[in-house]
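Going by my numbering, the first residue of the sequence shown is number 27, and it counts up by one from there.
The beta carbon of each residue, even a glycine, is placed where N, CA and C say it ideally should be.
A quick note: this is a predicted structure, and the numbers were derived from the prediction, not measured.
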Amino acid sequence: MRKETEQTVEPQSLCQGVLVRGFGGFYVASDESGAEFTLRCKKKFRRMKMSPLVGDEVLFQPGEGEEHGWLEEILPRKTECLRPPVANVTLLLIVVAPAPAPDLLLVDRMMIRARQQGMKVCLVVNKCDLDASLAQQMRLQYAGADCPVLEVSAHEHKGLEDVRSMMAGETCCFTGQSGVGKSTMINALLGLELETGEISQKILRGKNTTRHAELLLSGGLRVLDTAGFSLLELDGKMEPVLLKEFYPEFTPLEGQCRFTPCYHDKEPGCAVTACVEKGEINQERVERYRLLLADVRQTWRERYD
27 MRKETEQTVE PQSLCQGVLV RGFGGFYVAS DESGAEFTLR CKKKFRRMKM
77 SPLVGDEVLF QPGEGEEHGW LEEILPRKTE CLRPPVANVT LLLIVVAPAP
127 APDLLLVDRM MIRARQQGMK VCLVVNKCDL DASLAQQMRL QYAGADCPVL
177 EVSAHEHKGL EDVRSMMAGE TCCFTGQSGV GKSTMINALL GLELETGEIS
227 QKILRGKNTT RHAELLLSGG LRVLDTAGFS LLELDGKMEP VLLKEFYPEF
277 TPLEGQCRFT PCYHDKEPGC AVTACVEKGE INQERVERYR LLLADVRQTW
327 RERYD
């Protein structure tokens, strides 16, 4: 095994690629041709307290023969998530389906967390062949929320071209409740054969079939296949007054409330409340916002406990 060398390597002599997976202290990088290289991480990253993440764009020195190479530099990240530990996700596709029934409070949390990280969001309604009305329900829920709603049947390969168009040029991650068909959709989009799980008829939830993060590259699309996005919590450091900034439908009403700042929590003269009463903003969406606002307020109060 080659020993790590600490001498400076000229950047022009390095290869560039993206980390597609990691295992047991090794990382696999893929270059623009699709060739894969097994790498070890240099000690300097440990001194810098920086860990490589799947999705990182990197510079590396390839190994010779069957020897591993060395990861030399991690390029600046566009986004970074700690749970799951992945980098450079630019588009989060939130998948819902008729069964299990959509948990829209969870969907709202995912949207907020994605936007905190600088990601775009898209809502994908899968299994539309089972309930054609669900997509329209989601469009009503998220009208004005700057979140496209796509209607898909991954099993029947319907609507996939719209999803591919949305994914073009992005590093994507699919998330959602277990059993909504995320792996089936990735298989259909990329022509792969990822393990899929059946829905338990007892609890109407699917078994999680993804156990580690991996960046899948196929047909010009980039998909981070990973478990754990459904566990995302809102940032505990968020000031309650900032939560409304992640609701695009509230933005046109800024400055129209009687009080400044207005939390849009039923204060007298609140423009959001007025729009709800007139049917211009979805009432259920605002009710969920107020539930999340209560959570953020509680976390904010407890931050020094």
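Find out if the Cβ-Cβ distance for the pair valine 84, alanine 239 is shorter than 9 Å.
Not in contact: valine 84 and alanine 239 (Cβ atoms no closer than 9 Å).
Apart from the five residues on each side of it in sequence, which residues of its chain come closer than 7 Å, Cβ to Cβ, to lysine 228?
Note that lysine 228 has pLDDT 34, beneath the 50 cutoff, so the model's placement of it is unreliable and no number is given.
Using three-state DSSP, classify proline 25 as helix, strand or coil.
Nothing can be reported for residue 25: it is not among the residues displayed for the chain, which extend from 27 to 331.
Closer than 8 Å by C-beta to leucine 216: which residues in its own chain qualify, once you throw out the five before and the five after it? Chain order, please.
Answer for leucine 216: Leu242, Ser244, Gly245, Leu247 and Val249, listed in chain order.
Under a Cβ-count criterion, where at least 16 other Cβ atoms within 10 Å of its own Cβ denotes burial, should threonine 201 be classed as buried or exposed?
Buried, since its Cβ has 16 or more Cβ neighbours within 10 Å.
Between asparagine 213 and valine 178, how many whole angstroms is the CB-CB distance? I'm expecting something under 8 Å.
In fact, because the Cβ distance is near 13 Å, the residues do not count as touching under 8 Å.
I need the boundaries of the alpha helix (DSSP H) containing alanine 55, first residue and last residue.
Premise fails: alanine 55 lies in the beta strand (DSSP E), 52-56, not in any alpha helix (DSSP H).
Hey, could you find the ends of the beta strand (DSSP E) aspartate 251 is sitting in?
From DSSP, the beta strand (DSSP E) with aspartate 251 extends over 247-251.
Starting from the Cα of methionine 193, find the closest Cα among Gln163, Ile100, Arg165 and Lys146 and give me that residue.
It is Lys146.
Under 8 Å: do the stretch 120-131 and the stretch 150-164 share three or more Cβ pairs, one atom per stretch?
The stretch 120-131 vs the stretch 150-164: in contact.
Taking one C-beta from the stretch 301-314 and one from the stretch 128-141 each time, how about it: are there three or more such pairs within less than 8 Å?
Contact between the stretch 301-314 and the stretch 128-141 is present, because at least three Cβ pairs lie under 8 Å.
Just to confirm, are cysteine 198 and valine 112 a CB contact at a threshold of 9 Å?
It is not a contact, given that the beta carbons lie outside the stated cut-off.
Got a sec, what are the start and stop residues for the alpha helix (DSSP H) cysteine 340 sits in?
No answer is possible for residue 340: the residues shown for the chain start at 27 and end at 331.
Tell me whether the beta-carbon of aspartate 172 lies closer than 9 Å to the beta-carbon of proline 274.
It is a contact, given that the beta carbons lie within the stated cut-off.
Which stretch, first to last residue, makes up the beta strand (DSSP E) that contains phenylalanine 49?
From DSSP, the beta strand (DSSP E) with phenylalanine 49 extends over 41-49.
Please go through the same chain and pick out, in chain order, the residues whose beta-carbon is closer than 6 Å to the beta-carbon of phenylalanine 285, but skip the five residues on each side of it.
So the qualifying residues of the chain are Glu293.
Return helix, strand or coil for aspartate 270, following the three-state DSSP convention.
The question names aspartate, but residue 270 is lysine in the sequence shown. Of the three classes helix, strand and coil, the one that applies to lysine 270 here is helix, per DSSP.
What do you get for proline 110, buried or exposed, if any count of 16 or more other CB atoms within 10 angstroms of its CB means buried?
It counts as buried.
Hey, serine 77 and phenylalanine 86 are a contact pair by Cβ (cut 8 Å); roughly how many whole angstroms apart?
Between phenylalanine 86 and serine 77 the Cβ distance is about 16 Å, and since that is not below 8 Å, they are no contact.
Label leucine 257 either buried or exposed according to how many other C-beta atoms from any shown protein chain fall within 10 Å of its C-beta, with 16 as the threshold for buried.
Here leucine 257 scores only 45 on pLDDT, less than 50, and its place in the model should not be relied on; the value that follows carries that caveat. Flag for leucine 257 reads exposed.
Mind checking which residues open and close the beta strand (DSSP E) that includes glutamine 87?
It spans 83-87 - the beta strand (DSSP E) in which glutamine 87 sits, taken as one unbroken run.
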